[in-house]
Each structure stands twice: as structure tokens, then as C-alpha cells.
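Below is one structure, written out as C-alpha cells; comments come after it.
In C-alpha cells form, the structure reads like this:
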């Protein structure tokens, strides 16, 4: 973690960013430990879990760093916390069992795709940045793919 050292040489690095990235990396480490615990499960289960985890980490990193809808300062980006909440709560309720994880990740993918729909209803289109509405919908669809792929693998494991 070289961020405190970099802060000595430039004013462009801010503490709030350093803390946010540290939390993301610590969460990744914690989930990696959970993944190690899950090693007792089948290989397809671990691959499905890994794909879902990568999707969550990438979504968290991008939405926190640059924002998906407009800039990172656009409050509409806070709706992406619903994606994380659905994934976390669903995983805990299903106790990480394959059938429940499949349902949870399908729901997570659905929420991911619905975020820009809700944002379009409540936020003016001009605040969506250079990519525009179509770009945001395409970008969200790309982020929904790991969740849907992970869900399909979990569904296969549950059979």
C-alpha cells in the first residue's frame, strides 16, 4: 500500500480514495478466504463463486472510481449498492448452497440491469456523461454477464 508514500509527493491522491481502495482490497481478501473455505465443494462451484466475486469486485472498483452513470459524484451511482445488497443478503439466506446461489446471482444480474432503468426515470439524461444512455445500458449489461454466468454455473452444480 504505497498510497501514503505517494501522498507525500503529490496532492492528487486523497485519503478518502485511499481508504475506499483499501476497503475494497480487504474485502477481496476476506472473500478469498471464504473461497478457500468453499474449496471442499466441487470445482464448478468454486469457479461459479470466483466469477461472481470478480463481477462484484469490478463493479465496486469502477462505480467507486469513475462512476458508471455520469461521474463518480453523480448520486444515482449509489443505486449500485442495491446490487451488492442483493448478492450479499441472498448468499447469506441461501447459506451458499448452489440452488440458492443460482437464484441470488440471477436476481443480482436483474438488479444490475434495472439500475439504469430506474436512473433514467429519476435522473435527467444530460447528467449521464459522454457515453449517454445507450452506453450506460451496454456497460451495465456487460457487468451483468459475470453474475448471469455464475448463476448458470451454480444452477448446473445444483442438479
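Residue numbers (the numbering used here): -13 to 145. All C-beta atoms in this analysis are idealised placements derived from N, C-alpha and C, irrespective of residue type, glycine included.
_DSSP three-state label for residue 53, please._
coil
*asked:* For the structure I just gave you, are there three or more beta carbon pairs, one from the region 116 to 131 and one from the region 73 to 84, closer than 8 Å?
replied: no
*From which residue to which residue does the alpha helix (DSSP H) around residue 115 run?*
From DSSP, residue 115 is part of no alpha helix (DSSP H); its letter is neither H nor E.
*Which first and last residues belong to the alpha helix (DSSP H) in which residue 65 is found?*
No alpha helix (DSSP H) contains residue 65, which DSSP labels as neither H nor E.
*Looking at the structure shown, is residue 32 part of a helix, part of a strand, or coil, going by DSSP?*
helix
*By a C-beta neighbour count over all protein chains shown, 10 Å radius and 16 as the cutoff for buried, is residue 28 buried or exposed?*
exposed
*Among residues of its own chain, excluding the 5 on either side of residue 65, which ones have a beta-carbon nearer than 6 Å to its beta-carbon?*
101
*Kindly indicate the opening and closing residues of the alpha helix (DSSP H) around residue 92.*
84 to 108
*Buried or exposed by the 16-neighbour rule on C-beta atoms within 10 Å, applied to residue 73*: buried
*Look at residue 132 and residue 41 and say whether their C-beta atoms are less than 9 Å apart.*
yes
*What is the C-beta distance between residue 124 and residue 97, in whole angstroms, given that I count them as a contact (C-beta under 8 Å)?*
No, residue 124 and residue 97 are not in contact; Cβ-Cβ is about 17 Å, not under 8 Å.
*Apart from the five residues on each side of it in sequence, which residues of its chain come closer than 6 Å, Cβ to Cβ, to residue 91?*
38, 133, 136, 137
*asked:* Using only CA atoms, which one of 47, 144, 143 lies nearest to residue 67?
replied: 47
*Do you know offhand how far residue 130's Cα is from residue 6's?*
23 Å
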